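Residue numbers (UniProt numbering), protein chains in the order written: chain P, 1 to 569; chain Y, 1 to 678.
The beta-carbon is built from N, C-alpha and C at its ideal position, and this holds for glycine as well.
Since this is a predicted model, take the numbers as computed values, not measurements.
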Amino acid sequence: MTIVGWLQISLLFLAVLFVIKPLGLYMARVFSGERTFLSPVLGRLERDLYRVSGINPEKEQSWLGYTLAMLAFSLTGFLALYAMLRLQAYLPLNPQGFPGVPSDLAFNTAVSFVTNTNWQNYGGESTLSHFSQMAGLTVQNFLSAATGMALAVAITRAFARSKVATLGNFWVDMTKATLYVLLPLAIVVALAFVAMGLPQTLDASVTATTLEGANQVISLGPVASQEAIKQLGTNGGGFFNVNAAHPFENPTAWSNYLNIFAMLSISAALVYSFGQMVGNRRQGWALISAMAFLLIAGVAVTYWAEAQGNTILTAIGVDPALGNMEGKEVRFGQAMTALYAAVTTGLSDGGVNGMLGSLTGLGGLVPMFLMQLGEVLPGGVGSGLYGMLVFALLAVFVAGLMVGRTPEFLGKKIEGREMKFAMLAVLILPLVILGFTAVSAMLPFAVASVGTAGPHGLSEILYAYTSAAGNNGSAFGGLTGNTVWYNTTLGIAMLLGRFAYVVPVMAIAGSLAAKVKSPASAGTFPTDGPLFVGLLIGIILILGGLQFLPALVLGPVVEHFAMLAGQTF
Amino acid sequence: MSKDHKAPGLLDPSILFPAIRDAFAKLDPRKLLRNPVIFVTEIVAVVVTILFIRDLAANPGEAGFSGQIAAWLWFTVLFATFAEAVAEGRGRAQANSLKKTKSELVARRLGGNGKTETIPASSLKVGDIVLVAAGELIPGDGEVIDGVASVNESAITGESAPVIRESGGDRSAVTGGTQVLSDEIKIRITVQPGSSFVDRMIALIEGAQRQKTPNEIALSILLSGLTLIFLFVCVAIWGLAGYSGTVLSVTVLAALLVTLIPTTIGGLLSAIGIAGMDRLVRFNVIATSGRAVEAAGDVDTLLLDKTGTITFGNRMASDFLAAPGVTPTELAEAALIASLSDETPEGRSVVALASGEFGIPMPKAEFDAVIGFTAETRLSGVDIGQRRLRKGAVDAVLKFSGLTQQDAPDEFRRAVDQVARTGGTPLAVADGNRLLGVIHLKDVVKPGIKERFAALRAMGIRTVMVTGDNPVTAAAIASEAGVDDFLAQATPEDKLAYIRREQQGGRLIAMCGDGTNDAPALAQADVGVAMQTGTQAAREAANMVDLDSSPTKLIEIVEIGKQLLMTRGSLTTFSIANDVAKYFAIIPALFVATYPALEALNIMGLTSPQSAILSAVIFNALIIVALIPLALKGVAYRPSGAAALLQRNLLVYGVGGLILPFAGIKVIDLAVSALHLV
């Protein structure tokens with residue numbers, strides 16, 4: 001570890017810290033229906049959109065209405081994307097003449113983008129046409145992120161309101177998220193990326209003559225625009241197969257910085273918007289602090305583990321000064337790779353700028369564990385916030401009793417109904433991750449996809465299902481995922497991870513909105529102070545740890561101890 | 001029941017032996033279904049027992065281990081059922097004596113022809129009229145419709161002093177099982193036999209047909225959810241271990257599952273609830289449901305009647321304000337002598353003040369005339385020779401002295417005004433036509449009550465004083481007692497409106513009352529406590545009845561409610577925190593054979609994999625027994641703010657729960673290996 005490395009890391013977090021409040025306040029205004037500086041430009045377009053689609057923006061929906069609208073919207077998006085991928089040979093903008101995508105891969109990819117996962121079992125530059133990338137993937141990058149934000153806003157309203165049956169209008173929230181937040185930011189970030197040298201063209205490729213005289217075909221395309229929304233929407237699906245390690249996706253240290261900054265900003269700021277909308281900004285900061293603590297701890301462990309290098313390699317004479325450089329881009333180095341790895345997994349982004357599977361045992365444990373904690377650090381846009389709120393409810397319920405009152409969070413009593421749905425939501429992650437991993441680990445044809453023998457192979461499988469269920473989308477590498485088994489089961493894992501989680505959460509929101517909001521007193525459990533932050537961190541760690549420790553022990557942990565013992569597999 | 005019931009000790013044979021018997025009876029899986037965590041434990045115990053039998057036949061080398069695991073799993077279940085049985089057993093003695101009274105009841109029912117017939121009390125119906133004479137037991141709950149009698153209610157309240165029950169008014173309710181001591185009364189039965197007060201009390205004390213309370217249900221859901229998660233974890237481990245080339249036996253997976261699922265809180269949950277009700281009973285308060293006890297912990301605002309709760313209820317002399325030219329001693333002596341013939345509490349308080357604080361000796365002189373206090377004259381006094389000493393209401397004394405307001409000296413009038421302004425009542429003292437001074441009578445606030453309210457405020461609870469006094473008097477007493485707010489000249493409608501308004505704002509309200517006109521407010525309040533001496537209507541509307549009829553009880557009730565919730569929360573936190581250490585015991589033990597490098601995780605240095613697993617299971621079982629006293633007693637509770645409570649309990653039960661099992665499992669492991677158990 002170096003001072004410069006830590007400076008790089010700290011500066012980035014500082015930059016995000018400064019953007020949290022202004023962006024958070026702006027989003028709170030947008031979702032409260034107030035005027036913003038963009039209203040004169042976009043207000044007309046917004047109203048026209050409602051009129052054309054026959055939506056009455058004043059009409060609010062119950063939790064069920066809101067959820068059904070969201071499900072219908074996602075299903076439509078899935079069907080459209082699936083059809084587009086299957087039929088891309090007959091659609092325009094296909095300069096390479098790619099054929100239709102096979103059904104299992106198309107299913108996996110469509111689910112992946114609709115659920116904001118962006119797991120890449122396809123190779124972007126070798127499978128998908130420009131039309132599929134632009135009209136299909138990029139559009140879903142916007143819409144799945146906007147859906148997540150809308151859901152988070154609906155749940156925020158449940159805490160802000162008292163004794164109401166409605167949570168807002170899904171169509172309105174989704175439109176506002178796209179028009180006022182994602183689109184303007186994406187334009188700015190895309191232009192910045194172009195300035196940093198990312199290609200933005202409809203040409204398929206250029207052909208270069210190498211020094212040896214051979215012809216090399218270099219893929220091109222509308223990279224900058226997709227890269228911008230990939231990060232802003234915490235999607236993570238890159239234009240190229242190797243994602244942000246590719247020099248056209250992420251050419252310089254500056255573009256790397258902008259990548260990480262873009263993915264963190266909205267998720268973190270949305271937590272501030274939550275505090276603003278429920279009338280308790282300290283609450284927003286408290287949640288952000290818990291997220292930041294765990295995320296920074298993750299960065300630190302990864303950075304430390306990578307900087308230590310691999311003792312087995314050191315033993316055979318590799319200079320340990322640079323640490324473990326396997327799978328890392330030299331232009332990013334230890335600190336920026338560790339930062340990217342932790343942020344992308346704490347965030348449910350899933351873009352990568354290095355090979356995660358090449359990390360050391362502990363270094364690789366961190367991204368996996370951060371996802372298993374529920375993608376809440378600060379998680380995907382919107383999804384991270386509502387995931388964190390479920391943890392907050394659990395923390396308040398367990399510890400809140402210790403102050404001698406029925407647990408309450410922000411004045412809302414947490415009772416049987418909330419607990420029932422919270423547990424239903426919390427069950428999904430271990431069920432999907434451990435279930436599919438255990439089944440795959442026992443099926444010979446599934447094990448055959450593994451790239452490395454020994455515990456690392458198990459890590460590859462575990463990582464894949466963790467990433468899918470957490471709607472992250474990053475891959476450990478090594479696992480050949482483009483098989484019927486993995487395409488299908490990973491697709492199911494993504495669907496369950498997104499929708500089986502959020503439907504109970506919306507039910508909680510409906511129940512909370514209907515409750516009276518009690519005023520706080522000296523007898524109420526304070527949820528915006530350091531004590532609560534510590535408690536929340538403890539609950540997240542213990543709950544996550546208890547669920548996944550045995551699996552992790554058999555994967556990265558044993559790898560770590562084996563490395564120390566000089567054992568290979 | 002007597003007051004200040006001591007809870008019988010855990011090792012009291014009258015509790016212990018029946019509890020052990022009940023613990024076995026409760027193993028019936030149909031009964032255990034109510035408790036999902038322990039139900040799962042029992043199923044696992046059955047499975048491991050079958051494996052043990054198989055090992056005995058096929059694999060005797062393993063039988064020692066699986067047999068011990070099976071035994072400790074059964075102990076885990078038994079300790080949990082034992083905890084519940086003990087909690088129930090403590091109330092049973094009380095319930096039995098009540099039942100005995102009840103079974104002997106007979107009724108003299110008044111027929112249509114005016115004759116009475118003797119029937120068993122159990123065949124009475126609502127609306128029946130019965131006659132009860134001196135010496136007889138009242139056959140059922142009802143209302144006195146004719147007559148007046150003194151009744152011994154000690155069977156219910158533990159209070160041996162008889163109470164008066166009469167038709168009409170607020171003292172017409174009678175309770176089945178209590179004894180009429182004098183006279184004969186006619187009673188209309190108002191409650192169906194089987195749902196009478198005594199029946200409810202018996203059911204409550206025994207914990208029979210105990211309904212889970214809302215918070216208990218929510219907590220059970222959490223615990224069931226955790227149990228399911230750990231079930232997934234354990235099943236998945238089997239698959240993951242298979243990949244890694246380890247074949248795990250069902251016995252060790254069963255051990256892992258039971259140590260991970262929250263058996264500690266699962267096993268103690270119902271005992272905590274029963275014990276909470278039991279604590280309330282020992283405070284002589286009967287709650288109609290556990291829900292009310294929980295609500296008590298959540299109360300935000302206490303509506304307290306001024307009289308009897310905040311003040312002693314009688315105005316008492318607190319000061320003598322002498323007129324010009326009169327010494328305080330002179331005034332005190334005159335006031336004392338003039339009050340000797342006043343038998344009202346106020347008169348006696350004047351005597352007490354004069355002879356106490358002013359040290360005036362009791363006069364030995366013979367009086368020429370004694371004028372007793374009456375409601376008409378509103379003064380009392382004596383004539384001794386020339387002296388005609390009088391004490392009484394200011395206008396009555398002025399009239400006696402032949403003076404008008406204007407005639408009185410300025411100092412005198414100022415003193416009268418001052419007393420009235422501070423919410424007190426002025427009395428005048430005169431000798432003939434000479435005004436001696438003013439006695440300050442005031443509502444005396446109970447000592448220590450201000451500190452209680454301060455403690456409540458620290459807990460985040462507002463206190464609101466309700467009084468029929470005018471706003472001036474009310475404000476004076478309110479500020480002296482340190483309540484947060486007051487309702488002056490309050491009618492029952494005002495109370496009801498106040499409660500509704502507070503509830504609209506999301507606050508929970510507790511109040512107590514005894515009159516029929518309190519009934520709507522008692523029903524509206526989240527916690528309504530009726531006095532046992534109150535009317536049937538009040539008792540029906542309330543969700544708790546205070547057998548001591550002490551309005552201050554409300555404060556204790558709130559504390560008991562809070563303690564109940566805190567105990568649940570603390571033990572849940574403890575239970576979950578325990579799992580960390582158990583992982584460190586069991587996980588290395590499971591996989592060290594496959595990956596020797598994992599020995600690094602055996603930070604407790606446990607002797608062998610089998611010993612580690614067995615020790616974790618033993619710890620998991622013993623901790624339930626160890627915590628039974630805490631579950632029954634409740635965690636220590638000191639009134640303070642939520643932040644301070646949380647900090648303390650997190651430290652003790654959270655951090656303690658993380659650390660303790662490391663030590664516990666290590667000690668057990670040492671014992672297990674010393675005894676060569678595996």
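- With 16 or more other Cβ atoms inside 10 Å of its own Cβ, P/Q140 counts as buried.
- Y/M544 sits close to Y/A287, with the two beta carbons spaced by under 7 angstroms.
- Under a 10 Å Cβ-count criterion, P/V376 is classified as buried, with 16 or more other Cβ atoms of the shown protein chains found around its own Cβ.
- P/N215: member of the beta strand (DSSP E) spanning 215–219, first to last residue.
- DSSP places Y/A488 outside any beta strand (DSSP E), giving it a letter other than H or E.
- C-alpha of Y/G654 to C-alpha of Y/A577: approximately 6 angstroms in a straight line.
- When CB distances to chain Y are screened at a threshold of 8 angstroms, the residues of the segment 376–404 of chain P falling below it are L394, F397, V398, A399, G400, L401, M402, V403, G404, in chain order.
- Sorting P/L443, P/K515, P/G544 by C-alpha distance to the C-alpha of P/T466 places P/G544 at the top.
- Taking 7 angstroms as the CB threshold, Y/A600 lines the interface with chain P.
- For P/E559, the enclosing alpha helix (DSSP H) stretches over residues 558–564.
- Of all residues in the segment 231–248 of chain Y, the ones placed with a Cβ closer than 9 angstroms to any Cβ belonging to chain P are F232, V233, C234, V235, A236, I237, W238, G239, L240, A241, G242, Y243, S244, T246, in chain order.
- Contact annotation for Y/D298 against chain P: R405, T406 [CB-CB distance below 7 angstroms, chain order].
- Taking a C-beta distance under 7 angstroms as the contact criterion, P/T178 and P/D349 do not qualify as a contact pair.
- Residue-level contact by beta carbon holds for Y/G641 and chain P, with a gap shorter than 7 angstroms.
- No residue range can be given for P/N471, since it is assigned to no beta strand (DSSP E) and is classified by DSSP as neither H nor E.
- In summary, no residue of the segment 86–114 of chain P has a CB separated from any CB of chain Y by less than 9 angstroms.
- Under the three-state reduction of DSSP, P/S518 is assigned to coil, being neither helix nor strand.
- In the pairwise beta carbon analysis, the segment 494–513 of chain P is classified as not touching the segment 419–438 of chain Y: fewer than three pairs are separated by under 8 angstroms.
- P/R281: member of the alpha helix (DSSP H) spanning 281–308, first to last residue.
- Check the Cα spacing between P/S265 and each of P/F397, P/P22, P/A513, P/V217: the tightest is with P/P22.
- Residue environment: P/T209 is assigned as exposed (fewer than 16 neighbouring CB atoms within 10 Å of its CB, all protein chains considered).
- As DSSP reads the structure, Y/S150 sits in a beta bridge with Y/I164.
- Rounded to whole angstroms, the Cβ separation of Y/F312 and Y/A335 is 20 angstroms, and the two are not in contact under 8 angstroms.
- In this structure, P/N108 sits near P/G491, with a CB-CB distance shorter than 7 angstroms.
- At least one CB of chain P lies nearer than 7 angstroms to the CB of Y/A218.
- For P/K420, at least one C-beta of chain Y is nearer than 7 angstroms to its own C-beta.
- At least one CB atom of chain Y sits nearer than 7 angstroms to the CB of P/S518.
- Three or more Cβ pairs drawn from the segment 405–419 of chain Y and the segment 323–335 of chain Y lie within less than 8 angstroms of each other, which places the two stretches in contact.
- In the DSSP assignment, no residue is bridged to Y/K553.
- With three or more CB-CB distances shorter than 8 angstroms, the segment 128–135 of chain Y counts as touching the segment 105–117 of chain Y.
- P/M355 has a beta carbon lying at 7 angstroms or more from every beta carbon in chain Y.
- The CB of P/L479 never comes closer than 7 angstroms to any CB in chain Y; the least such distance is about 14 angstroms.
- Within the same chain, and ignoring the five residues on either side of Y/G424 in sequence, the residues whose Cβ sits closer than 7 angstroms to its Cβ are H440, L441, K442.
- Here the segment 332–342 of chain P makes contact with the segment 290–309 of chain P; the two share three or more CB pairs at distances below 8 angstroms.
- In the structure shown, P/G43 falls within a helical segment according to DSSP collapsed to helix, strand and coil.
- Y/V77 and Y/L27 have their C-alpha atoms some 8 angstroms from each other.
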